[in-house]
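Engineer: Just dropping this structure here.
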Amino acid sequence: MRAKINEIFSSIQGEGPYVGIPQLFIRFAGCNLNCGYCDTDCDRFKQFSPRQLRQEIKKYYSRYHSLVLTGGEPLLWVDFITEFANLLAKEQLIYLETNGTLEGQLEKVIKYIDIIAMDFKLPSSTGGAAYWRQHKHFLEIAAAREVFAKAVVTPDTKLPDLIKTAKIIEGIDRKIPLVLQPVHPQEFKVRDKISKFREDLSGFNLDLRVIPQIHKVIGVQ
Ligand code: SF4
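Numbers given in my numbering equal positions in the sequence shown, counted from 1, plus 714.
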């Protein structure tokens, strides 16, 4: 079995509550969605078997906090992840970055995952379909692990989408952080919008945070 890997690189986490933490990133090629703001190039890739990938990551400096499975959408590769995680045998923490829509796939690998960074794909932000049912079920499963939710805010983001997100989180566990992430760190058009959203969501008693993509601010990968 082989997976298409777009890139492997060592860097810091640029998003969410783990911002600034050193990590090793494995970016899988391919995605089941097509978000309007996507900046991931999934056309270039190399194929690896789980054993080859295990060998490859040994080349990297090993003092990182965790191994990040990112994409694209890494849950398109659950058979590969299962075999790879078995080879790692819990030597590393595994941090999953996911679009939060493939709940059946998450169920198959959740026992190998330590931390889950789950996107809520707001239709007003992505310009695409709504995934409320999938997101709810996904978060119910993910809540068995450390998890936080993230929603990208664009100039088009609408409050009702954030209210739906807040209701889903509140119904599962209000301690799960919800990160509002401006689509670009310098996107001034969303700055006022985010302040207003924070006010509008204040009735939900959620762990609401605003965190831009720090790797873009400081210009690292
Ligand atoms: S889920 Fe992520 S990788 Fe997939 S299209 Fe959306 S932004 Fe791009």
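The beta-carbon is built from N, C-alpha and C at its ideal position, and this holds for glycine as well.
On a predicted model such as this, the values are computed, not experimentally measured, just so you know.
To the nearest whole angstrom, what separates the beta carbons of residue 663 and residue 839, a pair I think is in contact under 8 Å?
Structural biologist: Past the boundaries of the shown model lies residue 663; the chain is included only from 715 to 935, so the question cannot be answered.
Engineer: Taking the alpha-carbon of residue 756 as reference, which of 719, 850, 775 has the nearest alpha-carbon?
Structural biologist: Comparing Cα-Cα distances from residue 756 to each of 719, 850, 775, the minimum goes to 719.
Engineer: Ignore the nearest five residues each way along the sequence and tell me which others in residue 889's own chain have a CB closer than 8 Å to its CB.
Structural biologist: Excluding sequence neighbours, residue 889 sits near 921.
Engineer: Per DSSP, what kind of secondary structure is residue 732 in: helix, strand or coil?
Structural biologist: Looking at residue 732 - three-state DSSP - the assignment turns out to be helix.
Engineer: Is the distance from the Cβ of residue 782 to the Cβ of residue 809 below 7 Å?
Structural biologist: For residue 782 and residue 809, yes; Cβs fall inside 7 Å.
Engineer: Would you grab the beta carbon distance between residue 891 and residue 926 for me? Rounded to a whole angstrom, and I think it's under 8 Å.
Structural biologist: About 15 Å separates the two Cβ atoms, so there is no contact after all.
Engineer: Between the beta-carbon of residue 778 and the beta-carbon of residue 737, is there less than 7 Å?
Structural biologist: Yes, Cβ-Cβ distance for residue 778 and residue 737 is below 7 Å.
Engineer: According to DSSP, is residue 797 helix, strand or coil?
Structural biologist: Of the three classes helix, strand and coil, the one that applies to residue 797 here is helix, per DSSP.
Engineer: Roughly how many angstroms separate the alpha carbons of residue 883 and residue 752, rounded to a whole number?
Structural biologist: When rounded, the distance between both Cα atoms is 24 Å.
Engineer: Within 10 angstroms of its Cβ, does residue 715 collect 16 or more other Cβ (buried), or is it exposed?
Structural biologist: By the 10 Å Cβ count, residue 715 comes out exposed.
Engineer: What separation, rounded to the nearest whole angstrom, lies between the Cα atoms of residue 912 and residue 803?
Structural biologist: C-alpha separation (whole angstroms): 41 Å.
Engineer: Closer than 8 Å by C-beta to residue 734: which residues in its own chain qualify, once you throw out the five before and the five after it? Chain order, please.
Structural biologist: Hits under 8 Å: 726, 727, 928.
Engineer: Taking buried to mean at least 16 other C-beta atoms within 10 Å of its own C-beta, is residue 817 buried or exposed?
Structural biologist: Classification for residue 817: buried.
Engineer: Would you mind reading off the limits of the beta strand (DSSP E) that contains residue 864?
Structural biologist: Run containing residue 864: 860 to 867, per the beta strand (DSSP E) assignment.
Engineer: Closest to residue 789 by CA distance: which of 857, 903, 824, 919 is it?
Structural biologist: Considering only alpha carbons, the answer is 824.
Engineer: Can you tell which of 787, 772, 832, 769 has its C-alpha closest to the C-alpha of residue 893?
Structural biologist: Checked all of 787, 772, 832, 769; the closest Cα to residue 893 is 832.
Engineer: Considering only heavy atoms of the ligand SF4, does any lie closer than 6 Å to the CB of residue 660?
Structural biologist: The requested residue 660 is not part of the displayed model; the chain covers only 715 to 935.
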